[in-house]
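Residue numbers (my numbering): 341 to 547.
Backbone N, C-alpha and C fix where the C-beta goes; we use that ideal spot for every residue, glycine too.
Encoded as structure tokens, the structure appears first; notes follow it.
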């Protein structure tokens, strides 16, 4: 949410200084919620980390719940914006999905708190949780549909395929982004690209 779109609609900053302040609050909120969890996190902890007064916080958000909802939307947007250029630059759809996964894992390694925050959203704000995954799957489904029209993937791609790819990416991000970074992102991407192109068929039977 680099543009402040996840803040209260009537509190979106209109100046560069305001946008920087909002960014500082959201970054501080990510650290606070990521380290302490929603229930133990506090607005005071967020404002101290952001270096702003409590009054400044309330210029943008009405409550801890509000900043949490904004943070979930912000993280979703930041992941989208981080991986989009590589996806667009890929020569075909398999390469695009490889690039998207590699970019996602790289993002997770730098922002491990994303998993705790998104997981807590299921209970703190179920609508934000559902929106996060539904919009991600929708973007994948749209990419696959366009790729099918170009003849780059099978013609019967569906929502199921999109959710399967997203689910795979989520758990690969957990294993190789949050738990350990003991495998090169490029290697993971190559393995997944091969899997998407050929499934689990033995190598001897591949065309």
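Between the CA atoms of residue 356 and residue 473 - distance to the nearest angstrom: 30 Å
Check for me: the alpha helix (DSSP H) holding residue 514 runs from which residue to which? No alpha helix (DSSP H) contains residue 514, which DSSP labels as neither H nor E.
How would you call residue 482, buried or exposed, if buried means at least 16 neighbouring beta carbons within 10 angstroms? exposed
Is the beta carbon of residue 445 closer than 8 Å to that of residue 374? no
Short of 7 Å in beta carbon distance, which residues of its chain neighbour residue 344, apart from the five on each side in sequence? Order them along the chain. Reliability fails at residue 344, whose pLDDT of 43 lies under 50, so the model's placement of it is uncertain and the value that follows must be treated cautiously. Here the set comprises 352, 353, 359 and 362.
Just to confirm, is the Cβ distance from residue 448 to residue 517 under 8 Å? yes
Coarse secondary structure for residue 468, derived from DSSP in three states: helix
With DSSP as the reference, label residue 521 as helix, strand or coil. coil
Assign residue 382 to buried or exposed, taking buried as 16 or more other Cβ atoms, counted over all protein chains shown, within 10 Å of its Cβ. exposed
Report yes if the CB atom of residue 525 is closer than 8 Å to the CB atom of residue 442, and no otherwise. yes
State the DSSP-derived secondary structure class of residue 401, mapped to helix, strand or coil. coil
Other residues of its chain near residue 533: CB distance less than 6 Å, five sequence neighbours each side excluded: 434 and 438
Could you tell me the boundaries of the alpha helix (DSSP H) in which residue 448 lies? 433–450
For residue 514, collect the residues of the same chain with a Cβ closer than 7 Å to its Cβ; drop the 5 residues on either side in sequence, then sort them by chain order. 455
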